[in-house]
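Structure record follows, encoded as structure tokens.
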Amino acid sequence: MSNQNSSNKMVVPEARAAMERFKMEAASEVGVDLKKGYNGDLTSRQAGSVGGQMVKKMIQAYEQDMASKG
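Residues 0 to 69, numbered by numbering that gives the first Met the number 0, are exactly what the sequence shown covers, in order.
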């Protein structure tokens with residue numbers, strides 16, 4: 000399945016490369032070997048681990064940002 004059929008549209012299209020780097024970094028942190036392109040051979044557990052790590056890091060960044068403003 001190609002990305003063109005995906006309903007996950009980037010609000011800021013220029014952010015796509017940064018999100019790819021972020022995803023690769025999160026995958027590395029949880030020990031999942033992602034490759035560029037198709038990763039349909041991942042288990043649901045592996046994919047969930049990557050997504051969960053991404054959310055965890057986003058929440059941490061938000062909390063740090065809020066703490067520095069307050």
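No residue lacks a Cβ here, since even glycine has one placed at the ideal position from N, Cα and C.
Taking the CA atoms as reference points, residue 21 sits about 7 Å from residue 53. When the beta-carbon positions are compared, residue 56 and residue 26 stay at least 8 Å from each other.
Taken atom to atom, the span from the alpha-carbon of residue 49 to that of residue 33 is near 9 Å. One alpha carbon belongs to residue 12, the other to residue 18, and they sit about 10 Å apart. Annotated three-state conformation of residue 11 is coil, per DSSP.
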